[in-house]
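Line order of the protein sequences matches chains A and B.
So the first sequence is numbered by our numbering: it starts at 91 and just counts up by one.
So the second sequence is numbered by our numbering: it starts at -11 and just counts up by one.
Glycine included, C-beta positions come from ideal geometry on N, C-alpha and C.
The block underneath contains the structure these notes are about, expressed in structure tokens.
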Amino acid sequence: MRLEVRLFATLRDIFPKEKRGMDLVTLELGSTLDDLIKYLKIPEDAPLIILVNGRRQIENIELADGDRIGIFPPVGGG
Amino acid sequence: MKLIRINMAEKRVTTENAPDNYAIMGGRALTTEVIAREVDPTCHPLGHNNKLVIAPGLLSGTSAPSSGRLSIGFKSPLTGGIKESNAGGTAAQKLAKLGIKAIIIEQIPKEEGFSILRVTKDGVELVDGSTLRGKANYEICATLQKKYGEKVCVMSIGPAGEYKLSGATVAVSDSEGRPVRHCGRGGGGAVLGSKGIKAIVIDDTDAPKVAIHDQEKFKEAARDFGKILTSHPVSGQGLPLYGTAVLINILNEAGGLPTKNFRYGRFDFADKISGEMVHDVINERKGKVTHACHPGCVIRCSQVYHDKEGKYLTAGFEYETIWAFGANCMIDDIDAIARLDYLCDDIGIDTIEMGVTMGVAMEGGVIPFGDADGAIKLLEQVRQGTELGRIIGNGAGFTGKAFGVTRVPTVKNQGIPAYDPRSVKGIGVTYATTPMGADHTAGYSVTANILKVGSHIDPLKKEGQVELSRNLQIATAAVDSTGLCLFTAFALLDEPRALQRVVDMLNAQYNLQLTIDDVTALGKAVLKTERSFNFKAGLNEAEDRLPEFFQEELDPHGTVFDVSDAELDQLFNF
């Protein structure tokens, strides 16, 4: 399945620079959020904010083809 | 500690000792208390019965990290209610070092013209400011620093304040002496303009240090609090590196980035105006990615932004500003947005109110959505004081009326900031209920709704939002009284020992025995006082509501703001 993965702030560098943090990732059907994090080589214990299709995910859910996944390090402002 | 009263009708300055019951009040607690005690809630905000109170926070001027916030209080010409407007910059620290608890500006001058208020260790005096008439903030700052010394802090009003427009700010110069920090919201600049004060020059040369009762205990608590701030991922890494504009992408992902005058929750060109983009552009043009708005700030969320030629364009380029002129107006040119930010700082007008107003003006067909040049020209009209400029400068509500627009995002006539209340419901509760009018900082529910700070409350559901907003509004009222920057709240919410450290600093400085419960009680008291003022001013529960168009579904989640009126009315049950 293909996932639309959007990495932000310090995580952008995981993808080639010209992608500006946005790329399509192909994973096996049935893959979970943890599988994606592992695929992206993000350390397991890194604090992250993860949004799947615009909804924040705290649990390790199963992903579906075409999901839009945004991953952020801790950020804030206001 | 002194209270300085400036009577502008008599051009008289008097100094009195602060009464004992003001001892544990600073910042917002103090401005609110003075306004509630001394100002008739039904007075005209620009008339002789209104007052403007300037107060540093309780910890300002000390070595407490990030404690340089200043509060100004007044009855707002924008909302018609009580207002505390808060800024960084160097004023709070200097005032505190000069032993000044508050400056209270009263009455209005009998004759036209402008004065400058000069504050030094020898006292406070009014000097003629007629040569500054019509001048904008950058020129005022440069002129006064040349005359009174490079290190003075300048607080000033631009043309917008002179015209007494409801969006006018009071600028506060930053560490570099630039007028880029503002008491932005609610029209404080108009009130200062009505008092005939063009600028306040604060010179702390040879000022004594702020008195600390127990130096050792204070130092220990301050050091630990600094450590807590710098080791928290948001205040220690995210904010210094990307500034507040890092929020553009996360709000866009969450479907909460108000786009095209609050029509959509996502902006197709979010990346072009994101914190990441700002970061890259600043680096490329050799600006400053990380910058402190006042000495002693360990968070340093500010930045210095250069234009294409590598020359200074603006500083303190915030998320709300970028959203307001960007996604909200469908402008995707970050340099144009930086230019709009510069113009607002120079003219002395609130960036949030102006961005929301531009959205309303675009809705009304004054200029098309996406028209950056048109927006720049409209701001120039504010500077010139044309009739159209004065309509725009009076804010979103006024502009909506002028052009027959019904889609006007305001609460208590103040423009709604950068988080859509339909997909970030906790902040919607704050917009509706805070005594300040639509103000995100009054109870920043975005923390638990979006940023995973403090707790987790689903932003798309109404459950838990009233309680979240209530607790944050109480805590914020207390933090705003200490002089600590609100951005310390990320650590305060996450690290259990942080709040105790704040209490430790207060106790060590003032020889008190406060507990954490006392801090909460202070926050509650401030809110109750503010709400009571508003009720007497005619702002009752019916004003604690969002505009009706928030009942229309918002993409991408198809949500509406469904916290009921009865639920909103529970907020003040404490």
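Under 9 Å between C-beta atoms of residue i and residue j
i	j	result
Pro44 of chain B	Leu83 of chain B	yes
Ile60 of chain B	Lys183 of chain B	no
Val348 of chain B	Phe391 of chain B	yes
Gly68 of chain B	Asn382 of chain B	no
Pro535 of chain B	Pro397 of chain B	yes
Ala406 of chain B	Glu308 of chain B	yes
Ala324 of chain B	Ile364 of chain B	yes
Thr157 of chain B	Gly172 of chain B	yes
Ile563 of chain B	Cys473 of chain B	Because chain B spans -11 through 562 in this model, residue 563 of chain B falls outside it and cannot be assessed.
Gly403 of chain B	Ile340 of chain B	yes
Gly226 of chain B	Ala154 of chain A	no
Ala571 of chain B	Val417 of chain B	Outside the displayed span of chain B (-11 to 562) sits residue 571 of chain B, for which this structure offers no information.
Ser411 of chain B	Pro447 of chain B	yes
Beta-carbon separation (whole angstroms), residue i vs residue j, contact threshold 8 Å
i	j	result
His170 of chain B	Asp333 of chain B	7 Å
Tyr432 of chain B	Ala477 of chain B	7 Å
Leu180 of chain B	Leu40 of chain B	6 Å
Leu235 of chain B	Gly111 of chain A	So it is not a contact: roughly 15 Å between Cβ atoms.
Thr470 of chain B	Gly15 of chain B	7 Å
Gly175 of chain B	Ser64 of chain B	6 Å
Within chain B, partners of residue i - CB distance below 7 Å
i	result
Phe162 of chain A	Ile238
Arg92 of chain A	Result: empty, since nearest Cβ-Cβ is about 18 Å, beyond 7 Å.
Same chain only: Cβ atoms within 6 Å of residue i, ignoring 5 sequence neighbours per side
i	result
Val292 of chain B	Gly275, Lys276, His279, Ala303
Ile42 of chain B	Ile60, Ile91
Gly377 of chain B	Gln369, Val370
Gly352 of chain B	Phe391, Val393
Met143 of chain B	Ala79, Val158, Val160, Ile188
Ala6 of chain B	Met(-11), Leu(-9), Lys89
His36 of chain B	Gln95, Ile96
Close beta carbons around residue i, own chain, < 7 Å, minus the five adjacent residues each side
i	result
Thr517 of chain B	Thr20, Glu21, Ala24
Ala148 of chain B	Gly155, Ala156, Gly177, Ile335, Gly336, Ile337, Val370, Gly381
Tyr300 of chain B	Val292, His294
Nonlocal neighbours in the same chain, by C-beta distance under 8 Å from residue i, ignoring five residues either side
i	result
Ser103 of chain B	Met(-4), Lys(-1), Pro97, Leu114, Val115, Asp116, Gly117, Gly184, Ile185, Lys186
His220 of chain B	Phe478, Ala479, Asp482, Glu483
Ala195 of chain B	Lys82, Lys85, Leu86, Gly87, Lys109
Arg519 of chain B	Pro423, Phe560
Glu540 of chain B	Val548
Met493 of chain B	Leu47, Thr50, Ala52, Phe206, Ala209, Ala210, Phe213
Thr30 of chain B	Lys524, Ala525, Gly526
Ile270 of chain B	Lys276, Val277, Gln291, Val292, Tyr293, His294
Gly96 of chain A	Just to set this straight, residue 96 of chain A is Arg in the shown sequence, not Gly. The answer, listed in chain order, is Gly111, Met112, Arg158, Ile159, Gly160, Ile161.
Reduced DSSP category for residue i - H, G, I as helix; E, B as strand; rest coil
i	result
Asn495 of chain B	helix
Gly425 of chain B	coil
Ile236 of chain B	helix
Gln291 of chain B	strand
Phe62 of chain B	strand
Ser73 of chain B	strand
Asn5 of chain B	strand
Arg254 of chain B	coil
Arg378 of chain B	helix
Arg173 of chain B	coil
Arg145 of chain A	strand
Ile267 of chain B	Rather than Ile, the amino acid found at residue 267 of chain B in this sequence is His. DSSP places His267 of chain B in helix when its eight states are reduced to three.
Thr247 of chain B	strand
Leu114 of chain B	strand
Leu105 of chain B	strand
Ala187 of chain B	strand
Residues that residue i contacts on chain B, provided the C-beta gap is smaller than 9 Å
i	result
Pro137 of chain A	Pro221, Lys440
Ile148 of chain A	Lys440, His444
Ala154 of chain A	Within 9 Å Cβ-Cβ: nothing; Ala154 of chain A doesn't reach chain B, min ~16 Å.
Contacts that residue i makes with chain A (C-beta to C-beta distance below 7 Å)
i	result
Tyr10 of chain B	Under the 7 Å cutoff, chain A gives no residues; its nearest Cβ is about 29 Å from Tyr10 of chain B.
Thr232 of chain B	Gly167, Gly168
Thr429 of chain B	Gly168
Asp259 of chain B	Arg110
Where residue i meets chain A, residues with beta-carbon distance less than 9 Å
i	result
Pro544 of chain B	Asn143, Gly144
Ala242 of chain B	Leu141, Gly144, Arg145, Arg146, Gly160
Tyr252 of chain B	By Cβ distance, chain A contributes nothing, its closest Cβ being about 12 Å from Tyr252 of chain B, past 9 Å.
Leu235 of chain B	Val165, Gly166, Gly167, Gly168
Gly314 of chain B	Going along chain A, no residue has its Cβ under 9 Å from Gly314 of chain B, so there is no contact; the nearest lies around 14 Å.
Leu227 of chain B	Val165, Gly166, Gly167
Amino acids of chain B, ordered along the chain, whose beta-carbon sits closer than 8 Å to that of residue i
i	result
Arg102 of chain A	Glu264
Phe105 of chain A	Those within 8 Å of Phe105 of chain A in chain B number zero; the least Cβ separation is about 12 Å.
Within chain A, the residues that residue i reaches when beta carbons sit closer than 8 Å
i	result
Phe478 of chain B	Gly166
Val434 of chain B	Gly168
Leu474 of chain B	Gly168
Tyr307 of chain B	Gly167, Gly168
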